[in-house]
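Residue numbers (the numbering used here): 5 to 423.
Below, the structure is given as C-alpha cells:
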C-alpha cells in the first residue's frame, strides 16, 4: 500500500457513485477540471478541486504532476476467460471462409478444443500464461479482471483453473474475481447426457468449489444446442443455494430467453445479449440486472452488435467487457472496445466510460469499492497521455494509457509494467 498525490490533472473523471448507473445517469461522469486526488494507505482519502488546499503532509507522499493528462478510475473487465491452454488460430480462418461459431463447435472445435489443451496443461503452465495476459491487461489500464473457469468441464481441470486464478490474485497487482463456469459446454464424455452433466455440477462441483472458496460467481452458457432455459434455471438456482452469485451467458447466438431468465432470477449480470428481445431488455431493467456487452466478440464473429443504445434508453445498467478468450475474442484491447462501443453500439463516450468503470464494477458486485474516484474506495487509477477521456474512443485502436496505479502504487509507467 502506498501514499500518493496525483495533482493538477486536466480532468479528474470521477464516475462518482457506489452503485451501477442506469439510463441517462450513465452520461454524468462528474468531471473535475484541474483536480487532485490523494491516496492514503492504498485508499482514496481526498478528491480536491483546483485551488483547494492539500490537507495532508506532502513529505509523506509520492507526488505525480498530471498536468495535461486525464485521470480516471482503473478499468474493470467483468467478463473474461483468460486462464486457458492452447490457441484456436485455425478456427479464425474457418470463420473467415464462412463457417459459423456453432458449426465449428459441432465439429469438435470451439470450447471443446480448448478443453483438451487446458486439461493437458499443468497448473504452473496456466499460471505463467495467465500472468502474461494480466500484465498485458494492466498496461491497458485494467486493474480488476473477472475470470471464468469452464475450459476443464471435469472436476480436476475446473479446480485447476480456479486454483490458478487464486494464485494470480495473490501474486499479481491486478485483482482477479473468480467465476465457476462448469456449464460452459457439454464435454464429449457427457454428450447426449446434458441433464446428467448439470446434475454432476450441482451435486459434485458446487459443494467442492464452495468448500474451498474458489469462486464468487457461477455462470452457464444458456443457448440453443448448449444448455436450455430449464437446465440453466436449475443450475443457477442450485448455485445460489450454495452461496454463489449469479451470472449468465444469454442470447448470444439466437433469441433464446436468457435475458428474461436473468431478470427472473435477479442475476448480477447477463452477458453477450446480441439477440436479446425487447421483453428480455425490460426484464433486465426491471430487475436491476447489469447488461454486460462484449463488442470485441461481435466484431470477431462478424455478428450484429448488441443493442446497447436501446438498452440504455430502456433504463438498463450497461457494462462493457473484453471477453478475452482463445476463440471468439482473442483480445483484451481496451482502445478497440471503446471505439466499437461508441461507433457501432451508439454509446456516447461518457456512457462508454461509465460502462467500463462503475457499471462494470457493479457487474462483479464491487461498485462499493472500485470503479470510481470516491473517498474510501481502492486507489485504483489510470492516467491517460491526453487531457480528456474523449480520446479513448477517438484515438482509434491506440493505447493511450500512461500510468496505472493499483491501491496507491504505480504498477505501469510510460506504458510499461514495473518489475
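Cβ coordinates follow ideal geometry from the N, Cα and C atoms, glycine included.
Distance CB(residue 295)-CB(residue 258) smaller than 8 Å: No, the Cβ-Cβ distance between residue 295 and residue 258 is not below 8 Å.
Neighbourhood of residue 172 by C-beta distance below 7 Å, restricted to the same chain and skipping five residues each side: The answer, listed in chain order, is 131, 134, 135, 138 and 180.
With 16 other Cβ atoms within 10 Å as the buried cut-off, status of residue 270: Label assigned to residue 270: exposed.
Bounding residues of the alpha helix (DSSP H) (the contiguous stretch that carries residue 346): Per DSSP, the unbroken alpha helix (DSSP H) holding residue 346 starts and ends at 338-347.
Where residue 160 falls: helix, strand or coil (DSSP): In the three-state DSSP reduction, residue 160 falls in the helix class (H, G or I).
Cut-off 6 Å between Cβ atoms - residues of its own chain near residue 96, not counting five sequence neighbours on either side: Nothing listed; no residue qualifies.
Residue 288 vs residue 262 beta-carbon contact at 8 Å: Here residue 288 is not near residue 262, since their CB atoms are 8 Å or more apart.
Assigned secondary structure, residue 77 (DSSP; H/G/I helix, E/B strand, else coil): Correct three-state label for residue 77: strand.
For residue 86 and residue 304, the rounded distance between their alpha carbons: Whole-angstrom Cα-Cα distance: 17 Å.
C-alpha distance - residue 11 paired with residue 121, whole-angstrom precision: Cα to Cα, residue 11 sits roughly 48 Å from residue 121.
Separation of residue 208 from residue 351, as counted between CA atoms: Residue 351 and residue 208 have their C-alpha atoms spaced approximately 42 Å apart.
Residue closest to residue 275, alpha-carbon to alpha-carbon, out of 29, 367, 41 and 402: When C-alpha distances from residue 275 are compared across 29, 367, 41 and 402, the shortest belongs to 367.
Cβ shell of residue 214 (< 8 Å), same chain only, five flanking positions each side left out: Excluding residues within five positions, the ones whose Cβ falls inside 8 Å are 246, 247 and 248.
Burial state of residue 241 (16 or more Cβ within 10 Å): Its Cβ having fewer than 16 others within 10 Å, residue 241 is exposed.
DSSP three-state assignment for residue 7, whether helix, strand or coil: Residue state, collapsed to three classes: coil.
Residues near residue 64 by beta carbon distance below 8 Å, same chain, minus five either side: Excluding positions up to five away in sequence, the list reads 7.
For residue 226, the residue or residues it bridges with in DSSP: According to DSSP, residue 226 bridges with 231 and 254.
Cα-Cα separation, residue 254 to residue 307: Here the alpha carbon of residue 254 sits roughly 15 Å from the alpha carbon of residue 307.
Spatially closest choice to residue 115 from 145, 284, 286 and 157, by CA coordinates: Residue 157 holds the alpha-carbon nearest to the alpha-carbon of residue 115 among 145, 284, 286 and 157.
Local conformation of residue 182 per DSSP, three classes: Strand at residue 182.
Coil, strand or helix - residue 334 by DSSP: Coil at residue 334, not helix or strand.
Residue 309 to residue 26 span [Cα, whole Å]: Between residue 309 and residue 26, the C-alpha separation is close to 20 Å.
Pair within 8 Å by beta-carbon distance, residue 353 and residue 90: Cβ distance not < 8 Å, so residue 353 and residue 90 don't count as in contact.
C-beta contact flag for residue 3 and residue 92 at 8 Å: Residue 3 lies beyond the stretch modelled for the chain, which goes from 5 to 423, so this question has no answer here.
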